[in-house]
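Chemist: Numbering (the numbering used here), first residue to last: 77 to 422. Each residue gets a CB set at the ideal place from its N, CA and C atoms; glycine is no exception.
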Amino acid sequence: MLNVAIVGASGYTGLELIRILHCHPEVAVTCLTSEQSAGKRISDVFPTLRERCDLMLENLEPIRVAEKADVIFTALPHKAAMEVVPTFMKLGKTVIDLSADYRLSDPKVYGAWYEEHLNPANLKKAVYGLPEIRRARIKGARLVANPGCYPTSIILGLAPLLKKGVIDPHSIIADSASGVSGAGRSAKVDSLYCEVNEGFKAYGVGGAHRHTPEIEQELSLLAGFELKITFTPHLAPMDRGILSTMYATPTKEVTTEKLVALYKGFYAGEPFVRVLPQGSLPSTAFVRGGNFCDIAPLVDSRTGRVIVVSAIDNLVKGASGQAVQNMNIACGFPETLGLEGLAIFP
């Protein structure tokens, strides 16, 4: 039995980790931390956990946490994670980091979008945890940088096209809409019910969103050269889910039928990527609560452009579910263990 700690357990991603790991047959959650709710039981913070997980939330003391766990999930904001991850690494623990602190391989790029990186040495050890692309490197890794939610939906949506040279990489445009849970659980005016309900808005427009360099880093690796994209995120009046629509100019003549065949071949055997049949389109309603990424590629016959639509649950495949998937791979468990649950509908 693997002992697991969740650092930053009182946020939405922390709750999803507990929900998923509760059904994992090889894992025991032994430590939960929260700076704001230390001294309370997690079931008092999240009543959905009553009589299923009643652990007491603790203050974050890295050495004490490490004494209780073999694997540590760090569900912390950027900067807060890199302040404690080095200690966990020195103590021989496996870390799955859900922050942005280890996703960007170049500390200068991280500094330009966030702030000066406090732990650049571990950037070289970190593996970007998108299993469908990096599975071989994740196996046995001790520091996995769990991808962001928007990047997951966009990279999985575009990977087959870039690997096979089907599109002009410089022509990519990505529009994504996320549920409000993507903003976290802390109180913010922009996330208040009256600010969000009955509204739909763009934000981080003009290449300003911090997921932009992460998306470009991974798409550049797939394309084989550095590229930039136009990425516009939107806030949708729903609790969870991300729907991404990507547009690009093809480099050769393609049809929707050929694209669907390409995607089915590329993702053959992938347990959590579902390529939809021609004529079907993804919906966030059909991935809610599941670790799936639904994808539909097609050709706009009028303009000739390639369009790809993808849908994920931002808290599951976009965060905690993918983190558990990465833990399974890194620790040698079957990849789907604890993640077999179907999406919830309606």
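Within the chosen definition, does the segment 171-178 reach the segment 210-226 through at least 3 CB pairs nearer than 8 Å?
Modeler: Yes, since at least three Cβ pairs between the segment 171-178 and the segment 210-226 fall closer than 8 Å, the two stretches touch.
Chemist: Between the C-alpha atoms of E346 and E208, what's the straight-line distance to the nearest angstrom?
Modeler: Computed Cα separation, rounded: 7 Å.
Chemist: With A253 and A188 assumed to form a contact (beta carbons below 8 Å), what rounded beta-carbon distance in angstroms separates them?
Modeler: Rounded, the Cβ-Cβ distance is 26 Å, inconsistent with contact.
Chemist: Counting Cβ pairs closer than 8 Å, one from the segment 286-299 and one from the segment 228-241, do we hit at least three?
Modeler: Touching, per the Cβ criterion.
Chemist: Return yes when the Cβ of G283 is within less than 8 Å of the Cβ of A301, no when it is not.
Modeler: Before going on, a small fix: residue 301 reads as Phe here, not Ala. Taking 8 Å as the Cβ cut-off, F301 and G283 do not qualify as a contacting pair.
Chemist: Tell me H310's beta-bridge partners as DSSP assigns them.
Modeler: Beta-bridge pairing links H310 to A253 and A278.
Chemist: Please classify R350: does DSSP put it in a helix, a strand, or coil?
Modeler: DSSP places R350 in strand when its eight states are reduced to three.
Chemist: Is DSSP giving I209 helix, strand or coil here?
Modeler: In this structure, I209 counts as helix in the three-state DSSP scheme.
Chemist: Using the DSSP secondary-structure output, state which residues sit across from S386 in a beta bridge.
Modeler: According to DSSP, which records beta bridges pairwise, S386 is partnered with S320 and I371.
Chemist: Pull up the distance between the alpha-carbon of V384 and that of E192, whole angstroms please.
Modeler: Spanning the two alpha carbons is a distance of roughly 35 Å.
Chemist: Could you check how far apart the C-beta atoms of V203 and A145 are, in whole angstroms? I think they sit under 8 Å.
Modeler: Not really, about 20 Å apart at Cβ, beyond 8 Å.
Chemist: Would you list, in sequence order, the uninterrupted alpha helix (DSSP H) runs of no fewer than 4 residues that lie entirely inside the segment 85-141?
Modeler: Runs found: 88-97 and 118-121.
Chemist: Does DSSP put F149 in a helix, in a strand, or in coil?
Modeler: DSSP places F149 in strand when its eight states are reduced to three.
Chemist: Excluding the 5 residues flanking I405 on each side, which residues of the same chain have their C-beta closer than 7 Å to its C-beta?
Modeler: Cβ neighbours of I405 beyond the five flanking positions: P207, R211, I214, K215 and E411.
Chemist: Which residues in the same chain as N390 place their Cβ atom closer than 7 Å to its Cβ, once the five residues preceding and following it in sequence are excluded?
Modeler: Same-chain partners within the cutoff: C225, S254, G255, S257, G258, R316, G317 and I318.
Chemist: Return the CA-CA distance between S396 and I148, expressed in angstroms with no decimal places.
Modeler: Going by the C-alpha atoms only, they are around 13 Å apart.
Chemist: Evaluate E274 with the Cβ neighbour count: other Cβ atoms within 10 Å of its Cβ, from every protein chain shown; 16 or more gives buried, anything less gives exposed.
Modeler: Exposed, because fewer than 16 other Cβ atoms sit within 10 Å of the Cβ of E274.
Chemist: Just verifying my parser: in three-state terms, what is the DSSP assignment at P245?
Modeler: In the structure shown, P245 sits in a helix (DSSP, three-state: H, G or I).
Chemist: Which two residues bound the contiguous alpha helix (DSSP H) that contains N446?
Modeler: This structure cannot settle anything about residue 446, because the visible part of the chain is limited to 77 through 422.
Chemist: Return the first residue and the last residue of the alpha helix (DSSP H) that T288 is part of.
Modeler: Per DSSP, T288 belongs to the alpha helix (DSSP H) from T288 to A299.
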